[in-house]
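Plus 44 on top of the position in the sequence shown (first one is 1) and you've got the working numbering. Heads up, the beta-carbon is just placed ideally off N, CA and C, and yes, glycines get one too. This structure is a prediction, so every number in the text was calculated from the model and none was measured.
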Amino acid sequence: MHAGAWENNAPMHPKDLLHHCSDLLAALLRFDHPADAVVSRYFREHRNLGSRDRAVVAETAYTVLRKKLLFESQARSGSGARERRLAILGFAGPQHLLQAALSPAEVEWLAACRQINDSELPASHRHNLPQWLAQALQAQLGERFDGVAQALLQAAPLDLRVNTWQAKRDAVLEALQQEGIAAAATPYSPWGIRLQGKPNVSTWEMFRQGHVEVQDEGSQLLALLLDAKRGEMVVDFCAGAGGKTLALGAAMLNTGRLYAFDVSAHRLENLKPRLARSGLSNVHPVAISDERDERVKRLAGKIDRVLVDAPCSGLGTLRRNPDMKWRQSLQSVEELTAKQAAILQRAARLLKPGGRLVYATCSLLTQENEALAAAFSAEQPTLVPLNAAEVLENLKVPDAAQLCTPQENAAGIPAGQYLRLWPDQHGTDGFFAAVWQKAG
45 MHAGAWENNA PMHPKDLLHH CSDLLAALLR FDHPADAVVS RYFREHRNLG SRDRAVVAET
105 AYTVLRKKLL FESQARSGSG ARERRLAILG FAGPQHLLQA ALSPAEVEWL AACRQINDSE
165 LPASHRHNLP QWLAQALQAQ LGERFDGVAQ ALLQAAPLDL RVNTWQAKRD AVLEALQQEG
225 IAAAATPYSP WGIRLQGKPN VSTWEMFRQG HVEVQDEGSQ LLALLLDAKR GEMVVDFCAG
285 AGGKTLALGA AMLNTGRLYA FDVSAHRLEN LKPRLARSGL SNVHPVAISD ERDERVKRLA
345 GKIDRVLVDA PCSGLGTLRR NPDMKWRQSL QSVEELTAKQ AAILQRAARL LKPGGRLVYA
405 TCSLLTQENE ALAAAFSAEQ PTLVPLNAAE VLENLKVPDA AQLCTPQENA AGIPAGQYLR
465 LWPDQHGTDG FFAAVWQKAG
């Protein structure tokens, strides 16, 4: 983003822009609702903000959420409203705009803050994680902790999934190149494209026609792991807004029957326009009361493949949802693991003999991932664990072993047993997945 682009597009006055950054932060730092919902509502209420203004306001807010501990420490030495001081420290627009919005005292204070070398900061101000989470990840990761923590402070790239029912990845890449849009094939997912920058994809004709959807490469790999086939009966048990549902429907070549279950009718409503764009007719959204719903029970023993992308702490998505680390706690994680186990047990009853079950989270924590999968395996003698690396190798995913559990560890987990994606190693959000097949 360069200064000339701003002058040509007549942005609002720098002082007004900084004021919006402060106001949005005031709403976000209450942590009453997910950050993306708060940001969307703020922009609906302030339609005078242009696209470039919105980008600066949103990215400033997310920068503050990412580095909250550091910025709050530095803000104490300044004066004025707390949210304004935080917005100044995290301002994500051109610096000449910021300087134009500041008083001489603020200019001097900001310069002093920026002179502090990162190596001089306390560990908590370098990793910017709540203490409970930092301790859990340090115990889990050892010397890898610093690299993972730094990766979680970065903004996530923008990935697309090509709707293979409507288009081919090579053709989409060629069309993007002709439009002068910098893009490349994702390294692992055969459906993925990674963009440079954050273009407004929703305005593209190929998006409106359903040829592409926004979806992290890691999320695409979860759908790939299920390996849904033509003509099968498939359930996406926690479908949400349907990103993986749509990937599964395309993989099934728009045949068979694909149920999109979720306890939130509102989230399933968000699937409808995406489903209409996709051209898929094999998807059947169903709002259920809970995992014991009668509509779930009626499908027991009839389903070929079940994906359980379980409600989780979301701590693998901190690059794009940095508020999650401040909205979760040890207690909330414990409550989630109980819910995850209950959902997984119910979902497993849907499988017919030979059927495949995939349990997935976008969490980094072992208690939501390996520990839960191991406990479930011990309780389910008719479900045979499959090696995730071998499944992905059979699907011709490049470097499949590098995406999974490394060499057998102290917990006795075989190499490749689980999908384990990390932002520092794989450039994706943090994801986990375990795979089972029902005997018979």
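The alpha helix (DSSP H) enclosing residue i, as first and last residue numbers
i      : result
Leu73  : Leu73 -> no alpha helix (DSSP H), and no H or E assigned at all.
Glu152 : 148–158
Ile387 : 374–392
Leu196 : 189–196
Asp334 : No alpha helix (DSSP H) holds Asp334; DSSP gives it neither H nor E.
Tyr462 : Tyr462 -> no alpha helix (DSSP H), and no H or E assigned at all.
Ala125 : From DSSP, Ala125 is part of no alpha helix (DSSP H); its letter is neither H nor E.
Ala309 : 309–322
Gly287 : 287–295
Leu436 : 432–438
Leu113 : 112–119
Trp176 : 175–185
Met250 : 249–252
Ser168 : 167–171
Ala144 : 139–145
Asp468 : 467–470
Buried versus exposed call for residue i [16 or more other C-beta atoms within 10 Å across all chains shown]
i      : result
Ile237 : buried
Asn438 : exposed
Gly360 : buried
Arg336 : exposed
Ala295 : buried
Val140 : For clarity, residue 140 is His in the given sequence; the question names Val instead. By the neighbour-count rule (16 or more Cβ atoms within 10 Å), His140 is not buried but exposed.
Lys482 : buried
Gln259 : buried
Pro467 : buried
Asn207 : buried
Thr289 : buried
Ala228 : exposed
His77  : exposed
DSSP state of residue i mapped onto helix, strand, coil
i      : result
Gln210 : coil
Phe476 : strand
Lys482 : strand
Ala49  : Caution applies to Ala49, whose pLDDT of 40 falls short of 50 and renders its modelled position unreliable; the model cannot decide the point.
Leu427 : strand
Arg364 : coil
Ala228 : strand
Val278 : strand
Ala99  : helix
Glu257 : strand
Cys65  : helix
Val441 : coil
Ile457 : coil
Leu220 : helix
Asp80  : helix
Leu266 : helix
Arg205 : strand
Residue from the options whose Cα sits closest to the Cα of residue i
i      : options                        : result
Ile132 : Cys282, Thr104, Gln159         : Thr104
Gln118 : Ala144, His169, Val101         : His169
Gly398 : Gly484, Glu378, Arg85          : Gly484
Val479 : Trp209, Ser407, Asp353         : Asp353
Ala199 : Ala444, Leu427, Arg363         : Arg363
Ala477 : Asn413, Ala320, Gln469, Gln372 : Asn413
Phe87  : Pro78, Ala99, Asp76, His77     : Ala99
Ser84  : Asp76, Gln424, Gly94, Ala102   : Ala102
Gln175 : Lys369, Ala219, Gln461, Leu62  : Lys369
His310 : Gly300, Gln184, Ser333         : Ser333
Gly191 : Val278, Tyr462, Ala167, Ser325 : Ala167
Gly224 : Pro243, Arg213, Lys212         : Pro243
Ala459 : Lys346, Pro429, Thr405, Asp367 : Pro429
Val330 : Gly323, Asn314, Ser322, Asn92  : Asn314
Ala156 : Asn172, Gly186, Arg120, Ala70  : Arg120
Ser95  : Leu130, Ser246, Arg110, Asn172 : Ser246
Where the beta strand (DSSP E) through residue i begins and ends
i      : result
Ala404 : 395–405
Leu351 : 347–353
Asp306 : 301–306
Arg238 : 236–239
Whole-Å CB distance - residue i paired with residue j, under 8 Å assumed
i      : j      : result
Thr472 : Gly262 : 3 Å
Glu249 : Arg318 : Not really, about 16 Å apart at Cβ, beyond 8 Å.
Ala304 : Val327 : 6 Å
Leu292 : Ala267 : 5 Å
Pro475 : Ile387 : The amino acid at residue 475 is misidentified as Pro; the sequence shows Phe. So it is not a contact: roughly 17 Å between Cβ atoms.
Ala433 : Ala418 : So it is not a contact: roughly 17 Å between Cβ atoms.
Leu114 : Asp367 : Rounded, the Cβ-Cβ distance is 16 Å, inconsistent with contact.
Gly323 : Gly254 : 6 Å
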